[in-house]
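Structure first, commentary second.
Numbering (the numbering used here), first residue to last: 19 to 355.
Right under this line is the structure:
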């Protein structure tokens, strides 16, 4: 075998072994002060065994073999870790050197639709105005691969989910208003709108006829279940939907009413305390039904009682709004006002 190549391969194998030892020490030091899950430790053992096997498969043919074939086998396994490392680096860093696909290119395969979407993405209001003149704005685009089918209004709102460095909110807002004014159906845009748009823009969608009882953005269930949340901003949007006609006594896929859903989400968490304000609003102002009982016997009252018990066990001080809700379920004579 060629002495120089043999020496190079032994050097590479030694570096692989040193890297494995360093990785093992780093893992042990990094997990000294924390509990390591069985899955994490199991996978690390598998990886270390695989790495050791690769090193051995590189060293043994080189040590015992004398043929060119042994040299080739040894070279392959000696260089395999380097090949894997380079592949990883290329897959992570090469996209940065390629031209990034625009959202218009991703969501619209049709060239004519893509032209409109590109103008929307650039925030070019006047071009959008000219391009959509006389066009049906409610035909959803066909994405290149596996994406959602969006009409132009949905697309304009989707741009806010991951704004590009060139994104201009003012121009985007103007385009959204233009699309609504020119006849875009606001209902398909509402589920995404409650996640991306400020309150006044959501009101604009509702004023244009968006159905507050449409399906959610994530699930096929009622949108109101996705609107209600832990923050005041989220719950104010949910309140707006209710004021515009969203049903409050519908059930989700789990058979829970909106009251039950909100209570389960809030639990004893301080971060979800505003949900209890929302629950009070549902009962006191909207008169949502809090007497409904699921077939398995679970009711809003049983959920609230369970949360009270958990709060006592955890020594959690619940909000004043929760106290009012608890009084409602305890006092059958309580009359919402």
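Every residue, glycine too, gets a C-beta built ideally from N, C-alpha and C. Remember, it's a predicted structure, so these values are computed and weren't measured experimentally.
By Cβ distance, which residues of its chain are closer than 6 Å to residue i, with the 5 residues on each side in sequence left out?
| i | result |
| --- | --- |
| residue 76 | 31, 92, 95, 96 |
| residue 99 | 34 |
Sort the options by Cα distance to residue i and report the nearest one.
| i | options | result |
| --- | --- | --- |
| residue 159 | 251, 152, 170 | 170 |
| residue 14 | 200, 234, 162 | Examination of residue 14 is not possible in this model, given that the chain is present from 19 through 355 alone. |
| residue 132 | 98, 333, 156, 122 | 122 |
| residue 219 | 235, 202, 191 | 191 |
| residue 301 | 340, 120, 64 | 340 |
| residue 155 | 140, 174, 165 | 174 |
| residue 71 | 293, 38, 217 | 38 |
| residue 226 | 201, 82, 297, 310 | 201 |
| residue 44 | 66, 81, 321, 230 | 66 |
Taking the C-alpha atoms as reference points, what is the distance between residue i and residue j?
| i | j | result |
| --- | --- | --- |
| residue 90 | residue 35 | 19 Å |
| residue 118 | residue 312 | 50 Å |
| residue 260 | residue 343 | 19 Å |
| residue 167 | residue 253 | 28 Å |
| residue 114 | residue 270 | At residue 114 the pLDDT is 49, less than 50, meaning the model places this residue with poor confidence; the figure from the coordinates comes in the next sentence. Straight-line Cα distance between these residues: approximately 43 Å. |
| residue 315 | residue 309 | 11 Å |
| residue 291 | residue 249 | 8 Å |
| residue 145 | residue 157 | 19 Å |
| residue 83 | residue 182 | 57 Å |
| residue 317 | residue 288 | 23 Å |
| residue 40 | residue 88 | 28 Å |
With DSSP collapsed to three states, give me the class of residue i.
| i | result |
| --- | --- |
| residue 206 | coil |
| residue 275 | strand |
| residue 240 | strand |
| residue 311 | strand |
| residue 317 | strand |
| residue 195 | helix |
| residue 333 | coil |
| residue 269 | strand |
| residue 115 | For residue 115, the predicted model reports a pLDDT of 49, less than 50, meaning its position is unreliable and no value from the coordinates is stated. |
Leaving aside the five residues before and after residue i along the sequence, list all residues of the same chain whose C-beta is less than 8 Å from its C-beta, in chain order.
| i | result |
| --- | --- |
| residue 286 | 325, 328, 329, 332, 334, 336 |
| residue 177 | 121, 138, 139, 185, 190 |
| residue 21 | none |
Here's a check: name, in chain order, each residue in its chain whose Cβ is nearer than 7 Å to the Cβ of residue i, leaving out the five neighbours to either side.
| i | result |
| --- | --- |
| residue 124 | 161, 162, 165 |
| residue 256 | 242, 245, 246, 296 |
| residue 17 | Only positions 19 to 355 of the chain appear in the structure, and residue 17 is not among them; the question remains open. |
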